[in-house]
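**Q** Just passing along the structure, written as structure tokens.
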Amino acid sequence: MLVFVKRTVRRRGDKSYEYLSLVEAVRVDGKNTHRTLLRLGEVSELRSSGQIDRIIRALRAYAEGTWFEAGELSGKGAPSFGATAAVWSYFCRFGLDEHFSSIGDGRRSRVLSDTVFAMVANRLTFPASKRRTITEWLSSVALPTGVRPPGLDQCYRAIDTVSEARDATEARLYSQLCNLTNLDLRLVCYDITSSYFETVAVGQTRFSSLGFGYSRDHRSDRPQIVIGLLVTSDGIPIAHHVFSGNTSDVSTLPGVMEDLQARFGVGCIALVADRGLISEDNLDEVAARGFEHVLATRLYHDDEVASVLEETTSKDTSWTAVSEARCFCAEITRHNRRFVVVFSPVRYFRDRARHAILCAKVEDGLIALEARVRAGRLSDPAKIGAAANRICRDSGVGRCFRTTVRKGVFSWDFDEKARGYDEELLCGRYVITTSLDKDEVPAAQVVRYYRSLQNVEHRFRVLKDFLELRPIFHWTEDRVRGHVALCVLEATIEAVMAKDLAAAKVMDPDLPFQSMTPRRALSLLKEIRLELVSAGDHNIELVSRPSALQAKVLKALKVDTSTWDKATIA
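772 is the number of the first residue of the sequence shown in our numbering; add one for each residue after it.
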């Protein structure tokens, strides 16, 4: 039986009248017709008397759907939803929800997974302290269904747990990444950075890793820690290490290689690292563990490297173009050791100009010092030597000058050998050494492998600039290590997001030849909001409609939006 409201128009003179009837569609003698069940009356009278509204109110209590009057609706807010939904998608794809739920069950903490997610989503969308995360950020976003908002104490306890579970978390991520991204561990890049503190002092017994050392943040006045990061050739972090702030670069490598083999059970891989991490002992250690290597060499105080550079000045040297890097490479074998010399014309002119500027600056300083000594304003040899050392020490070209100091006498001259080495052999050049077989990996590919170290440097920029790893305000060992572990976890999600956006060819609208970055993508998705409306005893939730670009980003990030076009009423 099909019952509906029928509208009938009748004319009386020059006026038209509308009538409403409740009718039933029936079939009589093989023909479709209508049977009137109830005549409701003339529309204007029904409307003015309020009968239509009363009929609707009476019937909506029995309706399958939910009906509201406009006067019952009131807005409750529109928190950001799209970016947190995207982060939740990756959190679940990596199995981190189940991973931290399992750890939480063992600790009788039912909110550990939700707490970790909230901290991860916050740092990827609106980096803030844990206190601001709770007091400001949580009230401005809509968490995914089922995720409970944490408290401040729960955040602090969760950071300690993340620190303790670092190995298990990285193993879980590694397993999931192998399945989701065809992770290639034949090439692993390793580099280190530092991060400084604002609230703690050296010597605190609760934080033994704190110390002073070479600061990559140019904050030698602050205590720091050293962070080592291992990433794949396409820039996805797989492991990290936290060292004492006064740890030398070279000393970190043996332990990192041992951990890599023990935890991930990798076979034969090639380790890519920069010159600051290399020593003769480390080269022996790399070979002893069965690793291949692609390493930058030290350019000074190494006679073998100097002779390799000298050999490439011959007219008979065969150079191979590496077009994407805008450079050329030449292969030299010396004492059964394979070297690849890289020459960049662009870098050559830049280095020559910079070298000339630095030499001129040092020269001006030495001339001024010589004038002071000649005028008798400085005569103590120790003070003269200290003044000359200050001029040359941090100049970057001090090796190109020779000084003579005696009581009341100071003179200087160019060291032509050192100057010629810098200008003719080093400008525009660097040297790579590798154990990879030249028949399997040509010189140009070795250069590409080495240049993949840029991915580690990019991850460090993501950690420090986008995720705001530093400055660090925590002051216990577990909490600092947990903070770093969370930031590396977030950097891993960011790296896979970048890979997905590039694969889907989502371009930045302001930079049409550049893939959209995760930072830009998440900022764009933050504009997608969950509209909250109150209607009597009911609450309505409706996701704002994504724009064409937002929809493209959501598709690239594999976010399930199948329920977003339907309002939910509770």
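All C-beta atoms in this analysis are idealised placements derived from N, C-alpha and C, irrespective of residue type, glycine included.
Taking just the CA atoms, how far does D1135 sit from V1324?
**A** Here residue 1324 refers to the residue found at position 553 when the sequence shown is read from its first residue. Here residue 1135 refers to the residue found at position 364 when the sequence shown is read from its first residue. Roughly 56 Å separates the two Cα atoms.
**Q** To the nearest whole angstrom, what separates the beta carbons of I1264 and V1251, a pair I think is in contact under 8 Å?
**A** Residue mapping note: residue 1264 aligns to position 493 of the sequence shown, counting from 1. Residue mapping note: residue 1251 aligns to position 480 of the sequence shown, counting from 1. Incorrect: roughly 21 Å between the Cβ atoms, too far for contact.
**Q** With DSSP as the reference, label I996 as helix, strand or coil.
**A** For the purposes of this step, residue 996 is taken as residue 225 along the sequence shown, with counting starting at 1. I996 falls in the strand class under three-state DSSP.
**Q** Starting from H1064 and walking both ways along the beta strand (DSSP E), at which residues does that stretch end?
**A** The count along the sequence shown starts at 1 and reaches residue 1064 at position 293. Start and end: E1063 to A1067.
**Q** From the DSSP secondary-structure annotation, give me the bridge partner or partners of D1184.
**A** For this step, residue 1184 is matched to residue 413 along the sequence shown. D1184 pairs with R1173.
**Q** Got a sec, what are the start and stop residues for the alpha helix (DSSP H) C1198 sits in?
**A** The residue labelled residue 1198 in the question sits at position 427 within the sequence shown. Counting along the chain, C1198 falls outside any alpha helix (DSSP H), and DSSP gives it neither H nor E.
**Q** Tell me, which residues are paired with P1008 by DSSP?
**A** Within the sequence shown, residue 1008 is the residue found at index 237, counting from 1. For P1008, which the question treats as bridged, DSSP gives the partners V1002.
**Q** Under 6 Å Cβ to Cβ from W859, same chain only, skipping five residues before and after it: list those, please.
**A** Numbered from 1 along the sequence shown, position 88 holds the residue referred to as residue 859. Cβ neighbours of W859 beyond the five flanking positions: P915.
**Q** Can you tell me the Cα-Cα spacing of R993 and A854, whole angstroms?
**A** Within the sequence shown, the letter at position 222 stands for residue 993. Within the sequence shown, the letter at position 83 stands for residue 854. Whole-angstrom Cα-Cα distance: 35 Å.
**Q** Where are the beta strand (DSSP E) runs, 3 residues long or more, that stay fully inside the region 1014-1101, in chain order?
**A** The qualifying runs are 1041-1044, 1063-1067 and 1091-1093.
**Q** On the criterion of 16 or more Cβ atoms from any shown chain inside 10 Å, does D1184 qualify as buried, or is it exposed?
**A** The residue given as residue 1184 occupies position 413 in the sequence shown. Flag for D1184 reads exposed.
**Q** Determine the DSSP secondary structure at G1136, reduced to helix, strand or coil.
**A** For the purposes of this step, residue 1136 is taken as residue 365 along the sequence shown, with counting starting at 1. Three-state DSSP puts G1136 in a helix.
**Q** Is it right to say D962 is buried, meaning 16 or more other beta carbons lie within 10 angstroms of its own, or is it exposed?
**A** Numbered from 1 along the sequence shown, position 191 holds the residue referred to as residue 962. D962 should be labelled buried.
**Q** Where do the ends of the beta strand (DSSP E) carrying G1156 lie?
**A** If you number the sequence shown from 1, residue 1156 lands on position 385. Here G1156 belongs to no beta strand (DSSP E); instead the alpha helix (DSSP H) covers P1152 to R1164.
**Q** Check the DSSP bridge columns for D824 and list the partner residues they point to.
**A** Position 53 of the sequence shown holds residue 824. The partner list for D824 (beta bridge, DSSP) is empty, contrary to what the question assumes.
**Q** Under a three-way DSSP split, which group does P1289 fall into?
**A** Taking the sequence shown and counting its residues from 1, the one referred to as residue 1289 is at position 518. Three-state result, P1289: helix.
**Q** Cα separation between L1140 and R990?
**A** Within the sequence shown, residue 1140 is the residue found at index 369, counting from 1. Within the sequence shown, residue 990 is the residue found at index 219, counting from 1. Their backbone Cα atoms lie some 30 Å apart in a straight line.
**Q** So, with DSSP's three-state summary, where would you put N1107?
**A** For the purposes of this step, residue 1107 is taken as residue 336 along the sequence shown, with counting starting at 1. Note: N1107 maps to coil in three-state DSSP.
**Q** Identify whether Y985 lies in helix, strand or coil by the three-state DSSP scheme.
**A** Position 214 of the sequence shown, counted from the start, is the residue given in the question as residue 985. Correct three-state label for Y985: coil.
**Q** Might you give, ordered along the chain, the residues of its own chain that have their beta carbon closer than 7 Å to the beta carbon of G1199, omitting 5 neighbours on each side?
**A** Reading the sequence shown from its first residue, position 428 is the one you call residue 1199. Answer for G1199: F1114, S1115, P1116, R1118, Y1119 and D1122, listed in chain order.
**Q** DSSP beta-bridge partners for S792?
**A** Start at 1 with the first residue of the sequence shown, and residue 792 comes out as number 21. Answer is K777 and R810.
**Q** Starting from the Cα of N1310, find the closest Cα among K802, G1167 and W838 and give me that residue.
**A** Here residue 1310 refers to the residue found at position 539 of the sequence shown. Ranking K802, G1167 and W838 by Cα distance to N1310 puts W838 first.
**Q** Sort S1182, A1131 and G1167 by Cα distance to H1155 and report the nearest one.
**A** As a first step, residue 1155 must be located in the sequence shown, where it is residue number 384. The sequence shown places Ile at residue 1155, rather than the His named in the question. It is S1182.
**Q** Let me check understanding here. Comparing Cα to Cα, which of S880, C1100, V1144 and F775 lies closest to R806?
**A** As a working mapping, residue 806 is identified with position 35 in the sequence shown. Taking only the C-alpha atoms, the option nearest R806 is F775.
**Q** Please report the straight-line C-alpha distance between I823 and V912, rounded to a whole angstrom.
**A** Taking the sequence shown and counting its residues from 1, one reaches residue 823 at position 52. Taking the sequence shown and counting its residues from 1, one reaches residue 912 at position 141. The alpha-carbon atoms of I823 and V912 are separated by roughly 41 Å.
**Q** Does the structure place the region 902-911 close enough to the region 941-953 that three or more beta carbon pairs sit under 8 Å?
**A** At 8 Å Cβ cutoff, the stretches do not touch.
**Q** Distance, Cα to Cα, A849 vs I1299?
**A** Taking the sequence shown and counting its residues from 1, the one referred to as residue 849 is at position 78. Taking the sequence shown and counting its residues from 1, the one referred to as residue 1299 is at position 528. A849 and I1299: Cα-Cα distance of roughly 9 Å.
**Q** Does the separation of the CB atoms of Y788 and G812 fall below 8 Å?
**A** Here residue 788 refers to the residue found at position 17 of the sequence shown. Here residue 812 refers to the residue found at position 41 of the sequence shown. Taking 8 Å as the Cβ cut-off, Y788 and G812 do not qualify as a contacting pair.
**Q** Can you give me the C-alpha to C-alpha distance between S754 and V997, rounded to a whole angstrom?
**A** Residue 754 cannot be examined here, being either before or after the span of the chain that is shown, 772 to 1341.
**Q** What first and last residue would you give for the alpha helix (DSSP H) that runs through V1324?
**A** Reading the sequence shown from its first residue, position 553 is the one you call residue 1324. Element bounds for V1324: A1319 to A1327.
**Q** With 8 Å set as the bound, which would you pick, yes or no: does the beta-carbon of F968 sit closer than that to a beta-carbon of chain B?
**A** This model lacks chain B altogether; it includes just one protein chain.
**Q** Roughly how many angstroms lie between the CA atoms of E934 and R1177, to the nearest whole one?
**A** Start at 1 with the first residue of the sequence shown, and residue 934 comes out as number 163. Start at 1 with the first residue of the sequence shown, and residue 1177 comes out as number 406. Position check: residue 934 holds Ser in this sequence, whereas Glu was assumed. When rounded, the distance between both Cα atoms is 58 Å.
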